[in-house]
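Numbering (this note's numbering), first residue to last: 37 to 415.
The structure appears below as structure tokens.
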Amino acid sequence: MSKNLLPKNLSALKVALVHDDLVVQYGGAEKVFMAVAEMFPDAPVYTSMATREWGKRLEGRELITSFMQRLPLKEKLFKFYFLLYPLAFESFNLSDYDLVISSSTRFAHGVITKPETKHVCYTHSPGRMFWEPERYFGPNSRLKTLLAPALSYLRLWDRAAAQRVDHFIANSKNIAGKIRKYYGREASVVHPFVDLERFKPLVGSQEPGDYYLVVTRLAPWKRVEIVIEAAKEANVPLKVVGGGSDRKRLEDLATRNSPHATNQIEILGRVSDGEVDDLFQNCKALIMTQEEDFGITALEAQTCGKPVIAYRSGGALETVEEGKTGEFFHPQSADALAKVLKDFKTGDYKPEVCRANAERFSKKEFKRKLFNELGKIGG
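This is the structure we're talking about:
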């Protein structure tokens, strides 16, 4: 989007963009960041470290990295360098800019700006590792206990760093609430967007499949074991897409005490984008077992005309319309989910209603709302 489409009080400003790191993931936070970059095509990007692949993705734009760029094996070990991130972001010199827009899931909001520079932070989530360690590591993790002093330091740094931000924009009401709780700051809300061009409903006379679908990272805090146990109890087919450290445990759980589970419950691991699209189009419903900050996956399913069964918490409350585009379960247990699965009837949810709900979250609408928020404070 060209500069002449910016609000008048932004068009003459010198802008810099900041993101946590550009290493491995290209998830929801990175897609939002790239949309912000499209809005400011001349703005340089500051990040702790970036891979060559990301350098190519941002070709033609100035990319400034920190001293962390020189660390060994950053693509595999970046999570272990967590104590260096605060220093990395505080080391950037942003004195030449009128407006700094940070995209933060952990540390990017910690940059230091001049008093006259406006700093707007689009927050995907406050750092889960240090604010919600039980959820991040698991309730019985020895690592959580071992890292307790470091996590305490990061909480102190994070709250102090948050006071440097002039204006917070949260990706959901859920995250706005966490910003208020952890930082003592208010935030406006601009929801992320779903790719309406990529995800489309099944066309033609082809009959959809009879399986339920999970698309998520296979990490302990995602609580995928809940849906596996619920699928066994309700005796329904389930396909699980995603990679992560918890895959082996979940595969063992899928076959334990269930002679038919190898056919009924499939842990597919990572699959191509095309396969994901096909799985969405042919499933009965998407299942989400964890509280999500926003949960773009729920919208991807609805864009394909599919309903969502979600844990009644977090961002799903803002994207799923109960009784129209999906259902909720509570408490966060296999029994509660199994009860919903036993009563679930796909015919109760119209594909066109699901799609229409998702279309409220378009990229165009995201940019319009973000420009509107920036226009309020950019002068």
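Just so you know, even glycine gets a beta-carbon here, dropped at the ideal spot from N, CA and C.
Remember, it's a predicted structure, so these values are computed and weren't measured experimentally.
Close Cβ partners of Val-344 (< 6 Å) along its chain, the five nearest in sequence each way excluded: For the purposes of this step, residue 344 is identified with residue 308 of the sequence shown, where counting begins at 1. Excluding the 5 residues flanking it on each side, Val-344 has same chain C-beta neighbours closer than 6 Å at Leu-322, Ala-334, Ala-337, Val-356 and Gly-362, in chain order.
Three-state secondary structure assigned by DSSP to Tyr-347: Counted from its first residue, the sequence shown places residue 347 at position 311. Strand, per DSSP.
For Arg-404 and Asp-231, the rounded distance between their alpha carbons: In the sequence shown, counting from the first residue as 1, residue 231 sits at position 195. In the sequence shown, counting from the first residue as 1, residue 404 sits at position 368. Rounded to whole angstroms, Asp-231 to Arg-404 spans 16 Å at the Cα level.
Rounded separation between Leu-53 and Tyr-82 - CA only: Stepping through the sequence shown from its first residue, residue 53 is reached at position 17. Stepping through the sequence shown from its first residue, residue 82 is reached at position 46. Between Leu-53 and Tyr-82, the C-alpha separation is close to 6 Å.
Exposure of Gly-351, with buried meaning 16 or more beta-carbon neighbours within 10 Å: Along the sequence shown, read from residue 1 onward, the residue named residue 351 stands at position 315. Per the 10 Å Cβ criterion, buried.
8 Å Cβ cutoff met for Trp-257 and Tyr-218: Residue mapping note: residue 257 aligns to position 221 of the sequence shown, counting from 1. Residue mapping note: residue 218 aligns to position 182 of the sequence shown, counting from 1. No, these two residues do not count as a Cβ contact at 8 Å.
Close beta carbons around Gly-305, own chain, < 6 Å, minus the five adjacent residues each side: For the purposes of this step, residue 305 is taken as the residue at position 269 of the sequence shown. Taken in chain order, the residues that qualify are Gly-279.
Proximity below 8 Å, CB of Leu-249 to CB of Lys-275: Here residue 249 refers to the residue found at position 213 when the sequence shown is read from its first residue. Here residue 275 refers to the residue found at position 239 when the sequence shown is read from its first residue. In this structure, Lys-275 lies closer than 8 Å to Leu-249 by Cβ.
Classification of Thr-101 by the beta-carbon crowding that lies within 10 angstroms, buried from 16 upward: In the sequence shown, the residue the question calls residue 101 occupies position 65. Result: buried.
Short Cβ contact (8 Å threshold) for Tyr-158 with Ile-205: Counting from one through the sequence shown, the residue named residue 158 turns up at place 122. Counting from one through the sequence shown, the residue named residue 205 turns up at place 169. Yes, Cβ-Cβ distance for Tyr-158 and Ile-205 is below 8 Å.
Residues near Phe-69 in its chain [Cβ-Cβ closer than 6 Å; skip 5 each side]: Sequence index remark: in the sequence shown, residue 69 carries index 33 (1-based). Once the five neighbours on either side are set aside, the close Cβ partners of Phe-69 are His-55 and Ser-139.
Meets three-Cβ-pair contact criterion under 8 Å: the segment 127-141 and the segment 150-164: yes
Inter-residue spacing [alpha-carbon to alpha-carbon] between Leu-190 and Leu-182: Residue numbering aside, residue 190 sits at position 154 when the sequence shown is read from its first letter. Residue numbering aside, residue 182 sits at position 146 when the sequence shown is read from its first letter. For the pair Leu-190 and Leu-182, the Cα-to-Cα distance works out to about 14 Å.
Per DSSP, the bridge partner or partners of Cys-157: Taking the sequence shown and counting its residues from 1, the one referred to as residue 157 is at position 121. For Cys-157, which the question treats as bridged, DSSP gives the partners Ser-138 and Phe-204.
Cβ separation of His-227 and Phe-397, assumed to be a contact under 8 Å, to the nearest whole Å: Position 191 of the sequence shown, counted from the start, is the residue given in the question as residue 227. Position 361 of the sequence shown, counted from the start, is the residue given in the question as residue 397. Going by Cβ atoms, the distance from His-227 to Phe-397 rounds to 6 Å, so yes, they are a contact pair.
Spatial distance of Ala-71 from Leu-94 (CA atoms): Residue 71 sits at position 35 when you count from the first residue of the sequence shown. Residue 94 sits at position 58 when you count from the first residue of the sequence shown. Near 12 Å, if we compare the C-alpha coordinates of Leu-94 and Ala-71.
Sequence-distant residues of its chain with Cβ nearer than 6 Å to Lys-50 (five each side left out): Locating residue 50 in the sequence shown gives position 14, counting from the first residue. The residues are Tyr-133 and Asp-134.
Pair within 8 Å by beta-carbon distance, Ala-370 and Ala-290: Position 334 of the sequence shown, counted from the first residue, corresponds to residue 370. Position 254 of the sequence shown, counted from the first residue, corresponds to residue 290. Not a contact, by the Cβ cut-off of 8 Å.
Whole-number beta carbon distance between Ser-127 and Lys-150, since they are thought to touch under 8 Å: For the purposes of this step, residue 150 is identified with residue 114 of the sequence shown, where counting begins at 1. For the purposes of this step, residue 127 is identified with residue 91 of the sequence shown, where counting begins at 1. In this structure Lys-150 is not in contact with Ser-127, their Cβ atoms being roughly 15 Å apart against a cut-off of 8 Å.
Nearest-angstrom Cα separation, counted from Cys-319 out to Tyr-247: The residue you call residue 247 lines up with position 211 of the sequence shown. The residue you call residue 319 lines up with position 283 of the sequence shown. Each residue's Cα considered, the two are about 5 Å apart.
Minimum C-alpha distance to Ala-223 - residue among Val-156, Glu-152 and Leu-123: Counted from its first residue, the sequence shown places residue 223 at position 187. Per the Cα distances, Val-156.
Exposure label - Leu-179; buried when at least 16 CB within 10 Å: Reading the sequence shown from its first residue, position 143 is the one you call residue 179. By the 10 Å Cβ count, Leu-179 comes out exposed.
Assigned exposure category for Glu-89 - 16 Cβ within 10 Å defines buried: Locating residue 89 in the sequence shown gives position 53, counting from the first residue. When all chains shown are included, Glu-89 counts as exposed.
Beta strand (DSSP E) runs wholly inside the segment 86-136, at least 3 long, in chain order: 99-101
C-alpha gap between Ser-84 and Pro-273, whole angstroms: Position 48 of the sequence shown, counted from the start, is the residue given in the question as residue 84. Position 237 of the sequence shown, counted from the start, is the residue given in the question as residue 273. So the two alpha carbons sit approximately 43 Å from each other.
Buried or exposed by the 16-neighbour rule on C-beta atoms within 10 Å, applied to Pro-169: As a first step, residue 169 is located in the sequence shown; it is residue number 133 there, counting from the start. Classification of Pro-169: buried, given that the 10 Å Cβ count is 16 or more.
Under 8 Å between C-beta atoms of Lys-284 and Phe-316: Mapped onto the sequence shown, residue 284 falls at position 248. Mapped onto the sequence shown, residue 316 falls at position 280. Cβ atoms of Lys-284 and Phe-316: not closer than 8 Å.
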